[in-house]
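Take the sequence shown: its letters are residues 1190 to 1368, numbered as in our numbering.
Each residue gets a CB set at the ideal place from its N, CA and C atoms; glycine is no exception.
All remarks here apply to the structure that follows.
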Amino acid sequence: TRSVVGGGVTLVDLAGARVPVSSVYDSTTRTLRLTPTVNLKAGTTYLFQVATATDVAGNRVQLEESREIRYVATTRFANMSAAPTVRFGSSAQLRADLIGVRDGESVLVESLNSTLKPPTWETIGVTTVSGGAVRASVAPSVTARYRFHYLGDAGHRASASTFVTIGVRPELTLSGTGQ
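Here you go:
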């Protein structure tokens, strides 16, 4: 592995602004790895350009090659929570942090339908990101599993939270005649 020197390898946005990168070439795998030294903008298309390179003998080779790449930000859920049990007829609050997604973005609320074979996640509602978190109220009539699902967009990868299981306690009313 050796560092690539010279100005032959560049990364620019489509407006032509150069993005500073460090680059390393691995001759065993014949792989050039570019690492931006600044944060890339989610959903932005960049142009990777190789104007000059050196062959294994050290001779300068003119390549004039370029490729477009699109940076898509990673998203993830954290801290999924809900009450483990609710009384029949009551609701529970689901909550999770959503990292890497702007406030106002839509997120699906899903419930696992285990009567289907195979069990399938079904959308039961939609909520929005606020303060880096998502919240939803659910009212299970039987024990159920819930999760959040962000579908992603041109600049952000899709992700789903872990699921929570909410049990339902029956409410019993006893009445008697007093005999």
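Please state whether DSSP places residue i in a helix, a strand or coil.
| i | result |
| --- | --- |
| Gly1163 | With the chain covering 1190 to 1368 only, the question about residue 1163 has no answer from this structure. |
| Phe1138 | Limits of the chain in this structure are 1190 at one end and 1368 at the other, which puts residue 1138 out of reach. |
| Leu1200 | strand |
| Ala1206 | coil |
| Pro1225 | strand |
| Ser1364 | coil |
| Ala1285 | strand |
| Arg1358 | strand |
| Asn1248 | coil |
| Gly1321 | coil |
| Val1331 | coil |
| Leu1236 | strand |
| Arg1259 | strand |
| Val1290 | coil |
Starting from residue i, follow the beta strand (DSSP E) in both directions and report where the run begins and ends.
| i | result |
| --- | --- |
| Glu1171 | The structure shown does not extend to residue 1171, since the chain is modelled only from 1190 through 1368, so no value can be given for it. |
| Phe1352 | First-last for Phe1352: undefined, no H or E at that position. |
| Arg1265 | 1265 to 1270 |
Throw me the rounded Cβ distance for the residue i and residue j pair, which I believe falls under 8 angstroms.
| i | j | result |
| --- | --- | --- |
| Val1261 | Gly1344 | 6 angstroms |
| Leu1236 | Val1201 | 5 angstroms |
| Val1296 | Thr1309 | The pair is not a contact, with the Cβ atoms about 19 angstroms apart (cut-off 8 angstroms). |
| Thr1312 | Gly1289 | The Cβ separation is near 21 angstroms, so there is no contact. |
| Ala1285 | Phe1266 | 5 angstroms |
| Ile1355 | Thr1274 | 7 angstroms |
| Gly1320 | Asp1342 | In fact, because the Cβ distance is near 20 angstroms, the residues do not count as touching under 8 angstroms. |
Could you tell me whether any Cβ in chain B is nearer than 8 angstroms to the Cβ of residue i?
| i | result |
| --- | --- |
| Thr1312 | Absent from the structure: chain B. Only one protein chain is present. |
Determine, using beta-carbon pairs with one atom in the region 1210 to 1227 and one in the region 1314 to 1333, whether at least three such pairs fall under 8 angstroms.
no
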